[in-house]
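Q: Chains as they are written, first to last, in the working numbering: chain Z, 238 to 430; chain D, 238 to 430.
Please read through the structure below; I'll follow up with questions.
Printed below as a string of structure tokens:
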């Protein structure tokens with residue numbers, strides 16, 4: 238709980254709101270990484286999923302890697318990151334899903350080598366942001382294609398005013414977001430508690 | 238030293254050599270990350286640079302992020318990753334350098350917000366591979382543009398048979414590579430000791 242309040246304080250202090258409901262937290266989560274703080278976020282995630290039999294963490298490049306690494310370090314499991322591809326490499330060795338990016342108004346593929354997610358795995362999906370949920374839905378699709386179990390998702394910051402979180406929770410998938418933003422304007426950010 | 242031998246053993250066991258002197262270590266360093274092992278590599282890097290007054294670690298997305306994070310976690314300093322751009326955003330707020338990729342035969346830009354590297358910083362550059370050295374030279378360029386000090390570079394795997402390492406050491410910059418490959422064929426990999 239203390240970590241959550243620290244995270245909210247950091248978002249309020251360092252976050253910048255841009256048009257289009259974009260929140261930039263490049264000073265500690267995205268481009269510059271406050272590694273000691275992310276390790277604490279990783280410990281929080283490890284605590285939330287400690288009884289879920291997680292064997293591996295899955296994220297997508299590039300901004301998900303740091304928080305996923307931190308969670309994996311605290312849980313002592315390997316992590317895998319999906320790559321973003323525009324290519325049409327339809328190798329049967331690859332798990333692949335299409336993701337529409339609302340930020341960039343384009344569709345891209347995310348791919349993972351089939352060898353890195355097996356039916357015996359219980360996967361925790363970790364990402365930095367959850368908004369419309371498209372990236373997360375793509376990652377869930379990869380895990381389902383591999384026939385692995387999904388423990389749930391752990392997200393650093395959820396935009397609670399967009400529908401991705403509800404959409405995925407309504408599918409019966411556990412989603413834990415460390416900070417949930419209820420509303421956001423140029424000068425105020427309100428969190429859900 | 239034990240870590241180095243472990244790393245060499247992992248490269249021999251899990252590495253795959255492809256035409257064009259490509260070494261794939263996707264099972265523990267690149268796509269799938271053996272996080273506990275990378276934390277040990279991070280500790281080794283922290284030991285090498287413990288007296289260098291490092292204030293921040295710099296890498297480039299995406300495959301450098303994990304090893305840079307591990308080193309930063311062990312040194313308790315923040316890390317920053319440069320982004321790869323094809324765009325022509327010439328914002329004065331960005332540090333920018335051009336990198337030619339021998340693997341992909343294209344030139345791309347790497348960019349970092351100017352606010353994340355200051356003249357007061359002493360930067361340790363961390364990356365997963367060093368071959369021709371182009372990415373590393375680009376990262377050094379960013380640090381020099383920012384007017385910051387360079388403590389040196391720490392690399393997971395150096396292809397010692399390519400000239401990047403010598404090129405940069407000859408500029409007087411300290412380069413520490415955990416594993417240095419002297420030669421590499423389909424069925425043998427020889428390390429420098």
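C-beta atoms are modelled at their ideal positions from N, C-alpha and C, and glycine is treated no differently.
Please read all numbers here as calculations on a predicted model, not as lab measurements.
For a contact defined as C-beta to C-beta under 9 Å, what are the partners of residue 353 of chain D on chain Z?
A: Position 116 of the second chain, counted from the start, is the residue given in the question as residue 353 of chain D. Within 9 Å Cβ-Cβ: 263, 264, 268 and 269.
Q: Which residues, taken in chain order from the stretch 270-288 of chain D, show a beta carbon closer than 7 Å to some beta carbon of chain Z?
A: Answer in chain order: 270, 271, 272, 273 and 276.
Q: For residue 302 of chain Z, which residues in chain D fall below 7 Å Cβ to Cβ?
A: Numbered from 1 along the first chain, position 65 holds the residue referred to as residue 302 of chain Z. Ordered by position in chain D, the residues that pass the 7 Å Cβ test against residue 302 of chain Z are 299, 302 and 303.
Q: Where does residue 420 of chain Z land, buried or exposed, given buried means 16+ other C-beta within 10 angstroms?
A: Position 183 of the first chain, counted from the start, is the residue given in the question as residue 420 of chain Z. By the 10 Å Cβ count, residue 420 of chain Z comes out exposed.
Q: Have a look at the DSSP bridge pairing and note the partners of residue 345 of chain Z.
A: Position 108 of the first chain, counted from the first residue, corresponds to residue 345 of chain Z. DSSP lists Z:336 as partners of residue 345 of chain Z.
Q: Should residue 292 of chain Z and residue 364 of chain Z be called a contact, given that it needs their Cβ atoms to be closer than 9 Å?
A: In the first chain, counting from the first residue as 1, residue 292 of chain Z sits at position 55. In the first chain, counting from the first residue as 1, residue 364 of chain Z sits at position 127. Contact flag unset, no.
Q: Note down, in chain order, every chain D residue with its Cβ under 9 Å from the Cβ of residue 310 of chain Z.
A: Position 73 of the first chain holds residue 310 of chain Z. By Cβ distance, chain D contributes 272, 273, 275, 276, 306, 307 and 310.
Q: So, with DSSP's three-state summary, where would you put residue 195 of chain Z?
A: Nothing about residue 195 of chain Z can be reported from this structure: the residues present for chain Z run from 238 to 430 only.
Q: What number of angstroms, rounded off, separates the C-alpha of residue 402 of chain Z from the C-alpha of residue 368 of chain Z?
A: Indexing the first chain from 1 puts residue 402 of chain Z at position 165. Indexing the first chain from 1 puts residue 368 of chain Z at position 131. Roughly 7 Å separates the two Cα atoms.
Q: What is the rounded straight-line gap between the Cα of residue 382 of chain Z and the Cα of residue 406 of chain Z?
A: By one-based count along the first chain, residue 382 of chain Z stands at place 145. By one-based count along the first chain, residue 406 of chain Z stands at place 169. Straight-line Cα distance between these residues: approximately 19 Å.
Q: List the residues of chain D whose Cβ lies closer than 7 Å to the Cβ of residue 316 of chain Z, in chain order.
A: The sequence position of residue 316 of chain Z within the first chain is 79, counting from 1. The contacting residues are 270 and 272.
Q: Rounded C-beta distance between residue 393 of chain D and residue 366 of chain D? I'm assuming under 8 Å.
A: In the second chain, the residue the question calls residue 393 of chain D occupies position 156. In the second chain, the residue the question calls residue 366 of chain D occupies position 129. That belief holds up - the Cβ atoms of residue 393 of chain D and residue 366 of chain D are roughly 7 Å apart, short of 8 Å.
Q: Label residue 342 of chain Z either buried or exposed according to how many other C-beta atoms from any shown protein chain fall within 10 Å of its C-beta, with 16 as the threshold for buried.
A: On the first chain, position 105 is the one that residue 342 of chain Z refers to. When all chains shown are included, residue 342 of chain Z counts as exposed.
Q: Under DSSP, the beta strand (DSSP E) around residue 367 of chain D begins and ends at which residues?
A: Here residue 367 of chain D refers to the residue found at position 130 of the second chain. Per DSSP, residue 367 of chain D belongs to the beta strand (DSSP E) from 359-367.
Q: Quick one, which of Z:301, Z:351, Z:255 and Z:422 has its alpha-carbon nearest residue 269 of chain Z's?
A: Along the first chain, one-based indexing puts residue 269 of chain Z at 32. Ranking the options by Cα distance to residue 269 of chain Z, first place goes to Z:301.
Q: For a quick check, are the C-beta atoms of residue 317 of chain Z and residue 347 of chain Z less than 9 Å apart?
A: Looking up residue 317 of chain Z in the first chain gives position 80. Looking up residue 347 of chain Z in the first chain gives position 110. In this structure, residue 347 of chain Z does not lie closer than 9 Å to residue 317 of chain Z by Cβ.
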